[in-house]
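Protein chains: 2
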Amino acid sequence: MKKEKDAKGHSDLVADWERLFRVFIRPEGRASRATLIKYMDPILYGLNDFLKTHVGITEAISLKELSKGFTDTTINDHPEKKLADVITCLINEIAPYAVNVASPYFVGHMTSAIPFFMVHLKTIIAALNQNVVKLETSKVLSVVEKQVVAKIHRMIYNQKESFYREHVQNTDTTLGVFVEGGTTANLTAMWAARNAKFPPKDGFSGIESEGVAAAYHAYDVDRCVILVSRRGHYSLRKAGGVLGIGNKNVIALDTDKKNRIDLSCLKRTIDTLKREIPKTCILAIVGIAGATETGTVDPLEKLARICAENNTHFHVDAAWGGPTLFSQKYKHLLKGIHLADSVTIDGHKQFYMPMSCGMLYLKDPKTLDVIAYHANYVNRQGSVDLGIKTLSGSREANSLILDCALKIMGKKGYALLIDHGIETAAAFAKEIKRRKLFELVTPPVLNILTYRICPPAIRKKLETADIAEQREINKTLNTVNRRLQRIQREAGVSFVSRTTLLQDNNPDDAIVVLRSVIMNPMTTIAILNDILDEQEKIFTEQLKGLLE
Amino acid sequence: MKKEKDAKGHSDLVADWERLFRVFIRPEGRASRATLIKYMDPILYGLNDFLKTHVGITEAISLKELSKGFTDTTINDHPEKKLADVITCLINEIAPYAVNVASPYFVGHMTSAIPFFMVHLKTIIAALNQNVVKLETSKVLSVVEKQVVAKIHRMIYNQKESFYREHVQNTDTTLGVFVEGGTTANLTAMWAARNAKFPPKDGFSGIESEGVAAAYHAYDVDRCVILVSRRGHYSLRKAGGVLGIGNKNVIALDTDKKNRIDLSCLKRTIDTLKREIPKTCILAIVGIAGATETGTVDPLEKLARICAENNTHFHVDAAWGGPTLFSQKYKHLLKGIHLADSVTIDGHKQFYMPMSCGMLYLKDPKTLDVIAYHANYVNRQGSVDLGIKTLSGSREANSLILDCALKIMGKKGYALLIDHGIETAAAFAKEIKRRKLFELVTPPVLNILTYRICPPAIRKKLETADIAEQREINKTLNTVNRRLQRIQREAGVSFVSRTTLLQDNNPDDAIVVLRSVIMNPMTTIAILNDILDEQEKIFTEQLKGLLE
Chain A
2 MKKEKDAKGH
12 SDLVADWERL
22 FRVFIRPEGR
32 ASRATLIKYM
42 DPILYGLNDF
52 LKTHVGITEA
62 ISLKELSKGF
72 TDTTINDHPE
82 KKLADVITCL
92 INEIAPYAVN
102 VASPYFVGHM
112 TSAIPFFMVH
122 LKTIIAALNQ
132 NVVKLETSKV
142 LSVVEKQVVA
152 KIHRMIYNQK
162 ESFYREHVQN
172 TDTTLGVFVE
182 GGTTANLTAM
192 WAARNAKFPP
202 KDGFSGIESE
212 GVAAAYHAYD
222 VDRCVILVSR
232 RGHYSLRKAG
242 GVLGIGNKNV
252 IALDTDKKNR
262 IDLSCLKRTI
272 DTLKREIPKT
282 CILAIVGIAG
292 ATETGTVDPL
302 EKLARICAEN
312 NTHFHVDAAW
322 GGPTLFSQKY
332 KHLLKGIHLA
342 DSVTIDGHKQ
352 FYMPMSCGML
362 YLKDPKTLDV
372 IAYHANYVNR
382 QGSVDLGIKT
392 LSGSREANSL
402 ILDCALKIMG
412 KKGYALLIDH
422 GIETAAAFAK
432 EIKRRKLFEL
442 VTPPVLNILT
452 YRICPPAIRK
462 KLETADIAEQ
472 REINKTLNTV
482 NRRLQRIQRE
492 AGVSFVSRTT
502 LLQDNNPDDA
512 IVVLRSVIMN
522 PMTTIAILND
532 ILDEQEKIFT
542 EQLKGLLE
Chain B
2 MKKEKDAKGH
12 SDLVADWERL
22 FRVFIRPEGR
32 ASRATLIKYM
42 DPILYGLNDF
52 LKTHVGITEA
62 ISLKELSKGF
72 TDTTINDHPE
82 KKLADVITCL
92 INEIAPYAVN
102 VASPYFVGHM
112 TSAIPFFMVH
122 LKTIIAALNQ
132 NVVKLETSKV
142 LSVVEKQVVA
152 KIHRMIYNQK
162 ESFYREHVQN
172 TDTTLGVFVE
182 GGTTANLTAM
192 WAARNAKFPP
202 KDGFSGIESE
212 GVAAAYHAYD
222 VDRCVILVSR
232 RGHYSLRKAG
242 GVLGIGNKNV
252 IALDTDKKNR
262 IDLSCLKRTI
272 DTLKREIPKT
282 CILAIVGIAG
292 ATETGTVDPL
302 EKLARICAEN
312 NTHFHVDAAW
322 GGPTLFSQKY
332 KHLLKGIHLA
342 DSVTIDGHKQ
352 FYMPMSCGML
362 YLKDPKTLDV
372 IAYHANYVNR
382 QGSVDLGIKT
392 LSGSREANSL
402 ILDCALKIMG
412 KKGYALLIDH
422 GIETAAAFAK
432 EIKRRKLFEL
442 VTPPVLNILT
452 YRICPPAIRK
462 KLETADIAEQ
472 REINKTLNTV
482 NRRLQRIQRE
492 AGVSFVSRTT
502 LLQDNNPDDA
512 IVVLRSVIMN
522 PMTTIAILND
532 ILDEQEKIFT
542 EQLKGLLE
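Protein chains in written order, with my numbering: chain A, 2 to 549; chain B, 2 to 549.
Structure, rendered in structure tokens:
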């Protein structure tokens, strides 16, 4: 667009009413209309072109160098740029330094390529700009949300048709809520569990009203705990902190050899709590369906039974693994999930929705009644406003994206993605085991695995070494793997992440592992072999010396 | 698009790998590329066309009727629709039943028209799909966020250039955070205030770690309170509940005649708390800069002094009013905001960003250290990951939208919007006063006002009536105004909202008022006159009898 002055002598880059009107009313002339549509080309393809030419996570420029270009903290009085120039600038100056999460070589995190139609759907949400906090700013979108929530609820809980007929559009009950992400979903579940344990009674108006200290006093309780394995997401600790339970009372239990919660440790812990600290209340036990670090799944059926025996809220964090239920072939891996009182699933993970979208599902449609809030100007008592039972207030209508995506993909479309991830991860594990230089640390159950560089000679040494020697060796291996991951990341071709896992649940035996998440359908075993080749090369050329 | 079978005999609507690949790889052929761009036309204009033909909030169809069409809770095995059909369906079947928040006649809520470029910007965010929880999934976007946060911090706090040079890209300090919305921002502020009051000390590891009950015990405290006027947003009560303080300890103080916090009531309350309940801790005092119901602003400077005297966190909820600081003409209305320890501002309100975007700003860049969380796989200690100090985990890069919007609008662009809102609201108030049928209940300070139908004869009666009679009359007036609002909403031409305010802070004297929020630059005094005309007509034709 030109920057000359217009008929009235104004530059285009002056803030005046004429310009202001122009940005609020979409230009309607045929030419301007075409221009506005044309801007979508660089957005859909210009950004995409970058994503094809730059793979991997970093450019040559360091974060420190990069940030030097972003230190001006003044805001111009008048406009600096028009939309066309902003888009050009984003393509030339921002996108090249963004992370190419869509690359099939980017297998380090739970953020990946998304189907292109998701971008169109997000655009629709922005164009409608509804606010689902209340009916008066969303109307049909509130109805759509209730419907799609019921669809996913059915996938998890598979209740009778009559149950869904009763609840799908019932304004008094809640089968689930859309939230910002898995963290908020987990927090909401623990919030509801907390409030349900300390309801109002004679002379006490409930924990939500009077607070944690008064509640403990009223119910003669000393502390509350939440039990979850070491593999639990850190958002659970955060929930404990936020909710006033204390994050140290979110107790990380040992795992078995397969990185699932150790059930004997769980039972022992429950017994100890009951016997030795009788005033402790078990607020919830959390099962994991797709651990962030290892992708492993807890024995959900058995956990459900233990929760029932102990009259405790059973929450399942399926932020990652939830959509596995679409796969006829692999849904058995989540067996027992329907017994959970609440289930977290993320939309921006294996539903392949754009950032950010989380969900919480409830077995009992009355569960969230204990967290309801009302106000005179919004969420009035008895209204159908969806904001009544959510942590957040105003929020966008992401449910419409999921509803459309389900129609475009079908169950089987999602199942293909799930199957690809699980089967490619299995093939990757096989390849890791085949290569002598690597040690598979946690085999994949779903589509996540961890491994590390550990040459045969070192592995042999580890087998016969005593504990002190083992620790020394692992310390060196940790350095090697940490450096390996960084060198590969900086090379910019591919990206695996790293984390730290305990051996035999011993905090003194932490080992650094490389972590791969296979969710991109373009990530093939050939690409994963490339990644291993590169790692072998980096090790041989740059790191081998550390182990000699 | 055709639905015939393709060369391999597959229907287009079958979930198979070929189709899956097609939705993950943007089609690159010239024709398909053009098609994909063309879809943006109905999205940008098809939805917009609806917004021009249908004004107001409801269609003839009731919610009950509407929801009948959304009760199927099964998900198809195979795809049901292609993107083109989904878009058509949204335009024909969803948009007509959405709410036209962009209409200049929609003056009831804080959701409004947004500049058209915002839709393009949101599309960019979706296309990049970065996750700002950590650097490895966002890189430059984390840097952009820190920069734009510093820009807005400067607008609020106006520190020295050297301060911003030190902190703008400092990976250890935090000038502000992007969050989901005002509710999360207020919650985060109260969370930080809570944790700062109960830090670790000998034998106590801090309230975040040990919980509220242990903290009260360690510090010999019986309860914490948060003080705010009756005009405080309900998210503050919710924060009290969530954080384990108890929402009844978020104490709603009386307001003065101008709907600002009554300072003598505040001082009295503080004195009483100190004298009579010595073990009470005042966690925070909250000032409001743009009350949800009345748009009024608390005396921020005086509140700051009281907070300093009482060593209490001073939070300002400027979710609504924050951008008033852009206006040279009206920024004095927020005088003293720079004294706040923390300030909430919403992006999706007067920054005219798409749903949902909130922000929290901190005077002291170390304030959020007390809510930091780390994990091995994300937000590592010492990293620059932005997720360390936010309630949420994964989240989209909304900061880029604000940064671009500031460049496109300039300070003065936003100032024009602010000035228009304030001045149009003032003109509207004048018109309400001029019309005999109406009573202006709360005159506008910013761009929100409340009024009600109250014919001269009734007003006269109210003046001489005793309290019992007044209540009877107000009860009838409440019915009239409640019905008026509903009839007007159902007619579908325009929309004002309603709320309930107390007269003289007396819970027995609640009056129902109509509420207007003037934020759409297309909302002129002529349109507001139309709205009043319609209300007069509805009253005269349908409701007058109730007052006779």
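Here a beta-carbon is modelled for each residue, glycine too, at the ideal position from N, C-alpha and C.
Pair within 8 Å by beta-carbon distance, alanine 96 (chain B) and valine 120 (chain A)
no
Less than 8 Å between the beta carbons of tyrosine 106 (chain A) and valine 385 (chain A), yes or no?
no
Is it right to say aspartate 263 (chain A) is buried, meaning 16 or more other beta carbons lie within 10 angstroms of its own, or is it exposed?
buried
Would you identify the three-state DSSP class for cysteine 455 (chain B), choosing helix, strand or coil?
coil
Are the C-beta atoms of proline 355 (chain A) and some chain B residue less than 8 Å apart?
yes
Quick one: grab the DSSP three-state call for lysine 161 (chain A).
coil
Got a sec: is the Cβ-Cβ distance from serine 498 (chain B) to anything in chain A below 8 Å?
yes
Coarse secondary structure for alanine 511 (chain B), derived from DSSP in three states:
strand
Given 8 Å as the limit, is there contact between the region 385-405 of chain A and the region 162-182 of chain A, that is, 3 or more CB pairs closer than that?
yes
Report, in whole angstroms, the separation of the C-beta atoms of valine 497 (chain B) and glycine 109 (chain B), which I expect to be a contact under 8 Å.
5 Å
I'd like to know if valine 287 (chain B) contacts chain A, where contact means its C-beta is closer than 8 Å to some C-beta of that chain.
no
Find the nearest neighbour of asparagine 101 (chain B) within the set B:Glu66, B:Lys135 and B:Leu48, judged by alpha-carbon distance.
B:Leu48
For chain A, find out if any of its Cβ atoms is closer than 8 Å to the Cβ of serine 210 (chain B); answer yes or no.
yes
Proximity of valine 344 (chain B) and valine 379 (chain B) at Cβ, strictly below 8 Å
no
Per DSSP, glycine 288 (chain B) forms a beta bridge with which residues?
B:Val317
Whole-Å CB distance - glycine 288 (chain B) paired with phenylalanine 327 (chain B), under 8 Å assumed:
Their Cβ separation, rounded to whole angstroms, is 19 Å, which puts glycine 288 (chain B) and phenylalanine 327 (chain B) out of contact at 8 Å.
According to DSSP, simplified to helix, strand and coil, what is glutamate 397 (chain B)?
coil
Figure out for me which residue from A:Pro300, A:Arg483, A:Leu340 and A:Lys408 has the closest Cα to the Cα of phenylalanine 352 (chain A).
A:Lys408
For serine 517 (chain B), list the residues DSSP reports as bridge partners.
B:Leu450
Check the Cβ-Cβ distances between alanine 214 (chain B) and every residue of chain A, and say whether any is below 8 Å.
yes
Helix, strand or coil at leucine 244 (chain B) according to DSSP, with G and I counted as helix:
coil
Helix, strand or coil at tyrosine 220 (chain B) according to DSSP, with G and I counted as helix:
helix
In angstroms with no decimal places, state the Cα-to-Cα distance between lysine 412 (chain A) and aspartate 78 (chain B).
5 Å
Report the neighbours of phenylalanine 25 (chain B) on chain A: residues whose CB is nearer than 7 Å to its CB, in chain order.
Ala114, Pro116, Pro522 and Met523
Could you tell me whether the Cβ atoms of cysteine 455 (chain A) and leucine 485 (chain A) are closer together than 8 Å?
no
Give me, in chain order, the residues of the same chain whose beta-carbon lies closer than 7 Å to that of asparagine 260 (chain B); leave out the 5 immediate sequence neighbours on both sides.
Arg232, Ala292, Thr295, Thr297 and Thr443
Out of B:Pro508, B:Pro324 and B:Thr500, which one is the CA nearest neighbour of serine 517 (chain B)?
B:Thr500
Could you tell me which of A:Leu548, A:Pro366 and A:Leu418 sits nearest to glutamine 160 (chain A), measuring between CA atoms?
A:Pro366
Segment contact, 8 Å Cβ cut-off, at least three pairs: the region 431-446 of chain A with the region 110-118 of chain B
no
Beta-carbon contacts of alanine 406 (chain A) that lie in its chain and below 8 Å, excluding the five residues immediately before and after:
Pro116, Phe118, Met119, Leu122, Phe352, Tyr353 and Met354
Return yes when the Cβ of isoleucine 488 (chain B) is within less than 8 Å of the Cβ of isoleucine 532 (chain B), no when it is not.
no
Quick check on aspartate 42 (chain B): does DSSP put it in helix, strand or coil?
helix
Leucine 237 (chain A) and valine 251 (chain A) closer than 8 Å at C-beta
yes
To the nearest angstrom, how far is the alpha carbon of cysteine 90 (chain A) from that of isoleucine 44 (chain A)?
11 Å
Once you ignore the five residues that flank aspartate 257 (chain A) on each side, which residues in its own chain have a CB closer than 7 Å to its CB?
Asp263
Closer than 9 Å, Cβ to any Cβ of chain B: which residues of the region 117-132 of chain A, in chain order?
Phe117, Phe118, Met119, Val120, His121, Leu122, Lys123, Thr124, Ile125, Ile126, Ala127, Ala128, Leu129, Asn130, Gln131 and Asn132
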